[in-house]
Structure formats: C-alpha cells, structure tokens
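Notes to accompany the following structure.
Numbering (this note's numbering), first residue to last: 2 to 639.
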C-alpha cells in the first residue's frame, strides 16, 4: 500500500507559514471536520477574549501576529501552571488528532503545550515549546475512552517575566487512517561523535505496521550535526531509518519526518557530554528487600564482578524511608551498573488507585528521585513498572515520560510480559529499552521443551513468543531479556544447566542486547542463584562467553532467517545483520539432553562461516558438534 491522504501536503503548509503575511485560516492537510469551537480565535466575546475559551489572566486576543487569519491567543509571562480549556464529547474508543501552532519570544524558562485530558483522568500531551522559536507545529494522537468525554487544554507553565507566546490555528479531528510514529521519544546523544538511529514506523488504518508500504520518508534536521543515510529513506517492512551524528555542539536538535499528506512527526535529542549510550549489560535480577545497604551491596557487587557480570536489575528499592540509594556508593566503587526500581517509593506515591495519573505529580516524583539517584555513576537507568497490565497504561505512560524527561542521559523502561499486553504497553508508553521477562521452563515441560506453559500459552515457545512481542519494535531500540533460573509453585520448574545454556544462546539469536538472570536470592519457594552453585556457575560461564562477543553482538539486528539446519529435531539457525551490512548466524542445539552434530547452509547467502569464539572457518554444510543446549555465533565471510 501507499500511505497517502487527500488534502494539502505538509510542504505547502510550511511554505504558507513561512510567509509573514496574514492568510485565511488554513484547512488541515488531512481529512475531517474540525471539532473545536473557534479554533483560530477569530471570534471574540463581549469581553474581548476569544469566544468558547475560558479567560485566564495574562492571556488574550492579539491581532496582527496570527499564524493564519487575523487573531492569535497571546500569553505574557510570568506565569505559574495555567491553561485555558474547552470541554468536548467525542466518539468513544476512537483515535483523534490534536494539532496546533505555537510561537515564542524571549522564552527562557517554562513551557507551552497542548493536551487532551479525558474526564477519567490522565492526559495525552503534545511536544513542548521551551525556548524562543518561530511558528512550530505541535500535535498528539490519542484514543478516547468509553464515554469520549474530556477537554482540550492549552497549557503554559512557569513562563519567565518578559516571555511572549502565541497559540493559533488549532485542529481536533478523527486521526487520519494512516499515520507515522518516530523513535526514540526523548533521549540524549553524546556531544562529540555521538550517534542515534532514528526510526519511523508507517501505520495503516488499523494502527498496524504497514509492511507493504512503498513510501519514502523525508527527514529534516533542525540544529547542527548531520543526518547519515538515504534521505528520503525508503520504507522497508513498514520502517524507515536514518542516523543522526553529533558535531560537538550543545543544546537540543530536532529531527522531523514526513510522508506526503500525513501529519509529520518529530523527536528532539538533547546533546550532552555523557549521552545515552547502550552497551550490552550482563547481570542478575534481585529484590532490594533481600539485598540493600552499603555493606551488603559491596559484598554482592564484588561477587558479581568476579563472576563476569557488569549489571544488576534491582526491584523494590526504598529511597525515602530506607535510603537504598546509599547502596549505590558500593556499586560506584565496584563499577557495577544498576537499573534501579524505586518500587516502594512508587507504591506509596504513585501506584495507589486513589492517586490520579496526574503528569505534574509524575514529574515531581521523577525529578525528586532522579535528583538523588543520578549522583551515582553506577546508576544505569530507571526501572519504572514491573509487569504492568493494560489497565495500568494511564499511569505507566506519564511516569515513564517523566523519568525520560528528568534524565535524558539514562534509559527508562518497564518489565513487560504477555501476549496482547506486553507489546501494546510498549507501543503506548514508548520506553527507551524493550525489557521482557521470558520464563520458558514450565512445571510439566520435558527437558528442552520451551513451550510457555508457565505463562499459560500452549501455542507459543521461547522463540515464537519473542518474535510476536518484538514484531513492531524498531531495530534501533535495544531488546533486553530477563531469563529463568528459578522454579515457582506448580507453574515453573527449575531449569537444568543445559536449559540455561539454551536460553542464553536463543536470546542472542533473537537479537537481545542485554541479558539478566532471575534471581539472586531465595524467597517465595524458589532457590536463588546464591544457593544454587550449579546454575550460578553456568550463568557465570555463559556471561563470560557473551561478554567476549558483545562488541559485535551489540551492533547486530534480527533479519528474516536465511539458513537451514540439518541434524536437529527442532532446528534453530537465526539470521542477524550488522549495521554495516555483514551477515551473521546463531545456531543452537535445542536438544537439552543430548549432543548433536548440526550443519547449516543457505541457498541465498554465499560464503563460509567463521566461528566468532574459536576463529575457525568452515564451509557451509560442515557438521559440527554442539553440546546439549549450546550455541555458536558465525560471521559469513568470503
């Protein structure tokens, strides 16, 4: 399909906006009536304030500075958080587009944005204007809830004295039947030599990836640096990519993307000395209720580093009442990266049902935690929510965004799980990392059977489950996995060493860029790794093997499989591609009880296979022996 809508192209609208002449109110360049009343502020009430909008001090109609027509809404600083609003009743469960134009002068603090606030709570906000700018487009796409009631707010908060802001030419209507998404949502890039892969997803009318789209995506850059790659970029399987390279400058840069006839999308990158850099973390999962405090964290960090791990995923920390951030002094000294979940704090301040999903409250919570935690160089990122349900999205989304905005240099993420749940929450909350837990060894599973019966799925195994949940993840977003070493009641069985080995190499084959093992301490009836030396030794050995390869592995992404395996009852040969175009292959013996002699070959890709661990080079079709559950990574070479 070709993504295209009738109406004016965005380029035409931009040309009109560039003219410094008053124009008639512009029709949107997408279809559908405008549902806002007095959207361009042309009609004034008896008090001289734009009709249909609530009067607010410091704001009023301004003639001669409009984006289109004759009148704009002007706001003058200083101000606290203020908004003018218009209440509406829309169709339930329907996607809508809120769009508008903002101009700012002498703006040094505070921000301006548009938002849809449903009657049930929460909000869907546009990007924010935080500095002086010529007319800039703002937009957000949201889906109404069951009653469709809510309001459109024009928000300005914290404006400095002397700041002047104009808002004009608003539009609210049913979202186009095709649209764009851009990744990442908000992050930083290292000032000197930093790179960020920017991805755009093309969606069809049902909100699914438009895999058959033949469009090209044009990227534009506002700020210094350069875009590397074809531009316009062809969409492949519904995705288009370009790379931003920093040139040493500071401050924000904005990357825009557009396809003719659709609302454009944009992302803003913050350039900083550190920048958000993704390695390939290898670590364990732990409960801070079991391991906390400087002395205990020091012992634990030293132990993990000696075993080849460089990261931990720490849940249920209590910063306010127990001072769990003090334990980060120990991980600072050991050089162990911590992905920190202040779960106890959030359970008090955010997750209770009686607390509404207020974005301002989320920002306050995140800023306070970031202020304490970000002092520690071992802080790797923020673990926001643990296995949330779809009903939790109104709370996960603003909290996720609040952490992303409070600390651009560190990733923010949630542990996701479940078909029809994990992938949808990922799309609606846009974390910096897709973090999934996968526990494939069911209580009644035979050894080596990775059907996810412990998750309640008899039709999905480790591989098919991951491919289902990651099918709409851009390759530029890292996939991190939490894997199983534990049992749980009558749902999960403790894996054998060979099953641990198989999980490790299947994860590598599916393009994982980080691996964590659940769990270190024993509790709730399971045996943790500290009390299970056999499995502890196995995961430590696998971590060292992967660590030796991660310089290459972190640059690979999953592509359609192009190799066939002989000698296996359940074949596994996963194709990966380096960002420079080289081909790689991961082969796993999924028989976790017996060694197998396996051979791989491809009718599509020519060349020999170089084993990355041994350096040995083999012709395609050469039989090689694999221990139970073991894997190898090959590069295709001439």
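Every residue gets a Cβ at the ideal spot worked out from N, C-alpha and C, and that includes glycine. Owing to the predicted nature of the structure, the values given are computational and were not obtained by experimental measurement.
Which listed residue (77, 566 and 204) has its alpha carbon closest to that of residue 113 | Residue numbering aside, residue 113 sits at position 112 when the chain shown is read from its first letter. It is 77.
C-alpha gap between residue 534 and residue 519, whole angstroms = For this step, residue 534 is matched to residue 533 along the chain shown. For this step, residue 519 is matched to residue 518 along the chain shown. Counting only the Cα atoms, residue 519 lies some 14 angstroms from residue 534.
Can you tell which of 134, 106, 90 and 104 has its C-alpha closest to the C-alpha of residue 117?
-> In the chain shown, the residue the question calls residue 117 occupies position 116. When C-alpha distances from residue 117 are compared across 134, 106, 90 and 104, the shortest belongs to 90.
In whole angstroms, what separates the C-alpha of residue 313 from that of residue 521?
-> As a first step, residue 313 must be located in the chain shown, where it is residue number 312. As a first step, residue 521 must be located in the chain shown, where it is residue number 520. Cα-Cα distance, rounded: 10 angstroms.
Helix, strand or coil for residue 268 per DSSP?
-> Position 267 of the chain shown, counted from the start, is the residue given in the question as residue 268. DSSP, read as helix, strand or coil, puts residue 268 in strand.
Please work out which residues of its chain come closer than 7 angstroms, Cβ to Cβ, to residue 25, disregarding the five sequence neighbours upstream and downstream, and give them in chain order.
-> Residue 25 sits at position 24 when you count from the first residue of the chain shown. Confidence is the limiting factor: at residue 25 the pLDDT is only 33, short of 50, which leaves the residue's position unreliable, though a coordinate-based value still follows. The beta carbon of residue 25 lies closer than 7 angstroms to those of 69 and 70 in the same chain, with the five residues before and after it left out.
Sorted by chain position, which residues of the same chain lie with C-beta nearer than 7 angstroms to residue 125's C-beta, five sequence neighbours on each side aside?
-> Here residue 125 corresponds to residue number 124 of the chain shown, with the count starting at 1. The residues are 116, 117, 141 and 143.
Compute the beta-carbon to beta-carbon distance between residue 591 and residue 625, rounded to the nearest angstrom, for a pair I have assumed lies under 8 angstroms.
-> The residue given as residue 591 occupies position 590 in the chain shown. The residue given as residue 625 occupies position 624 in the chain shown. That belief does not hold up - the Cβ atoms of residue 591 and residue 625 are roughly 15 angstroms apart, past 8 angstroms.
Span of the alpha helix (DSSP H), counted from its first residue to its last, around residue 94 = The sequence position of residue 94 within the chain shown is 93, counting from 1. In this chain, residue 94 is not harboured by any alpha helix (DSSP H), its DSSP state being neither H nor E.
What are the boundary residues of the alpha helix (DSSP H) that includes residue 142?
-> Stepping through the chain shown from its first residue, residue 142 is reached at position 141. That residue, residue 142, is in no alpha helix (DSSP H); its beta strand (DSSP E) goes 134-144.
For residue 616, does the count of other Cβ atoms within 10 angstroms reach 16, so buried, or fall short, so exposed?
-> Position 615 of the chain shown, counted from the start, is the residue given in the question as residue 616. Its Cβ having fewer than 16 others within 10 Å, residue 616 is exposed.
Give the DSSP bridge partners of residue 382, in chain order.
-> Indexing the chain shown from 1 puts residue 382 at position 381. BP columns for residue 382 point to 340.
How many Å lie between residue 19 and residue 40 at the Cα?
-> As a position in the chain shown, residue 19 is number 18, starting the count at 1. As a position in the chain shown, residue 40 is number 39, starting the count at 1. Residue placement at residue 19 is flagged as unreliable, the pLDDT there being 26, under the threshold of 50; a coordinate-derived value is accordingly withheld.
Under the rule that 16 or more other beta-carbon atoms within 10 Å means buried, what is residue 94, buried or exposed?
-> Position 93 of the chain shown, counted from the start, is the residue given in the question as residue 94. Burial state of residue 94 is exposed, judged by a 10 Å Cβ sphere holding fewer than 16 other Cβ atoms.
Residue 423: first and last residue of the uninterrupted alpha helix (DSSP H) it sits in = Along the chain shown, read from residue 1 onward, the residue named residue 423 stands at position 422. Residue range 423-430 is occupied by the alpha helix (DSSP H) that includes residue 423.
Using only alpha-carbon positions, find the residue among 481, 152, 264 and 379 that is nearest to residue 182.
-> Against the chain shown, residue 182 aligns to sequence position 181. Closest option to residue 182, Cα to Cα, is 264.
Residue 348 versus 375, 400 and 331, residue with shortest Cα-Cα distance = In the chain shown, the residue the question calls residue 348 occupies position 347. Put simply, of 375, 400 and 331 the residue whose alpha carbon is nearest the alpha carbon of residue 348 is 400.
Considering only residues of the same chain and omitting the five flanking positions on each side of residue 455, which have a CB-CB separation below 6 angstroms?
-> Against the chain shown, residue 455 aligns to sequence position 454. These residues qualify, in order along the chain: 440, 443, 492 and 493.
Which residue or residues does DSSP assign as beta-bridge partners of residue 126?
-> Numbered from 1 along the chain shown, position 125 holds the residue referred to as residue 126. According to DSSP, residue 126 bridges with 116.
Own chain, CB closer than 6 angstroms to residue 566, minus 5 neighbours either side, in chain order = Start at 1 with the first residue of the chain shown, and residue 566 comes out as number 565. Within the same chain, Cβ atoms closer than 6 angstroms to the Cβ of residue 566 are found at 572, 574, 599 and 601, the five residues on either side in sequence being excluded.
Assuming residue 414 contacts residue 474 (C-beta within less than 8 angstroms), just tell me the rounded distance between them.
-> As a working note, residue 414 is residue 413 in the chain shown. As a working note, residue 474 is residue 473 in the chain shown. About 12 angstroms separates the beta carbon of residue 414 from that of residue 474, a gap too long to meet the 8 angstroms contact definition.
Return helix, strand or coil for residue 9, following the three-state DSSP convention.
-> As a position in the chain shown, residue 9 is number 8, starting the count at 1. Note that residue 9 scores 23 on pLDDT, short of 50, meaning its location in the model is unreliable; the coordinates nonetheless yield the value given after this. The three-state reading of DSSP puts residue 9 in coil, since its state is none of H, G, I, E or B.
Anticipated Cβ contact below 8 angstroms, residue 318 with residue 336, distance rounded | Here the question's residue 318 lines up with position 317 in the chain shown. Here the question's residue 336 lines up with position 335 in the chain shown. With a Cβ gap of about 20 angstroms, residue 318 and residue 336 do not count as contacting.
Helix, strand or coil for residue 473 per DSSP?
-> Residue numbering aside, residue 473 sits at position 472 when the chain shown is read from its first letter. Residue 473 sits in coil when the DSSP states are folded into three classes, being neither helix nor strand.
If we ignore side chains and look at the alpha-carbon of each, how far apart do residue 514 and residue 119 end up?
-> Residue numbering aside, residue 514 sits at position 513 when the chain shown is read from its first letter. Residue numbering aside, residue 119 sits at position 118 when the chain shown is read from its first letter. Spanning the two alpha carbons is a distance of roughly 37 angstroms.
What's the C-alpha gap between residue 187 and residue 497?
-> Working through the chain shown from its first residue, we reach residue 187 at position 186. Working through the chain shown from its first residue, we reach residue 497 at position 496. For residue 187 and residue 497, the distance between alpha carbons rounds to 41 angstroms.
DSSP three-state call for residue 228: helix, strand or coil?
-> Here residue 228 corresponds to residue number 227 of the chain shown, with the count starting at 1. Residue 228: strand per DSSP, three-state reduction.
In the DSSP assignment, what are the bridge partners of residue 196?
-> Counting from one through the chain shown, the residue named residue 196 turns up at place 195. Answer is 246, bridged to residue 196.
Please classify residue 359: does DSSP put it in a helix, a strand, or coil?
-> Locating residue 359 in the chain shown gives position 358, where the first residue counts as 1. It is coil, neither helix nor strand.
With a 10 Å radius around its C-beta and 16 neighbouring C-beta atoms as the bar for buried, classify residue 412 as buried or exposed.
-> In the chain shown, residue 412 corresponds to position 411, counting from 1. By the Cβ neighbour-count rule, residue 412 is buried, with 16 or more other Cβ atoms within 10 Å of its own.
According to DSSP, what are the bridge partners of residue 559?
-> On the chain shown, residue 559 is found 558 positions in, with the first residue counted as 1. According to DSSP, which records beta bridges pairwise, residue 559 is partnered with 577.
Would you mind stating whether residue 330 and residue 298 have Cβ atoms separated by less than 9 angstroms?
-> Numbered from 1 along the chain shown, position 329 holds the residue referred to as residue 330. Numbered from 1 along the chain shown, position 297 holds the residue referred to as residue 298. Between residue 330 and residue 298, the CB-CB gap stays under 9 angstroms.
Hey, out of 478, 246, 136 and 373, whose CA is closest to residue 66's CA?
-> Start at 1 with the first residue of the chain shown, and residue 66 comes out as number 65. If we check each option's Cα against that of residue 66, 136 comes out closest.
Near residue 190, what residues of its chain come up, given a Cβ to Cβ distance below 6 angstroms and the 5 sequence neighbours on each side ignored?
-> Your numbering for residue 190 matches position 189 in the chain shown. Within the same chain, residue 190 has close Cβ partners 197, 247, 270, 272 and 276.
Which whole-angstrom value describes the C-beta separation of residue 509 and residue 547, a residue pair presumed to lie in contact below a C-beta threshold of 8 angstroms?
-> Taking the first residue of the chain shown as position 1, residue 509 is located at position 508. Taking the first residue of the chain shown as position 1, residue 547 is located at position 546. By a beta-carbon distance limit of 8 angstroms, residue 509 contacts residue 547. Their separation comes to about 7 angstroms.
Rounded straight-line distance, which links the Cα of residue 610 to that of residue 621 | As a first step, residue 621 is located in the chain shown; it is residue number 620 there, counting from the start. As a first step, residue 610 is located in the chain shown; it is residue number 609 there, counting from the start. Approximately 7 angstroms between the Cα atoms of the pair.
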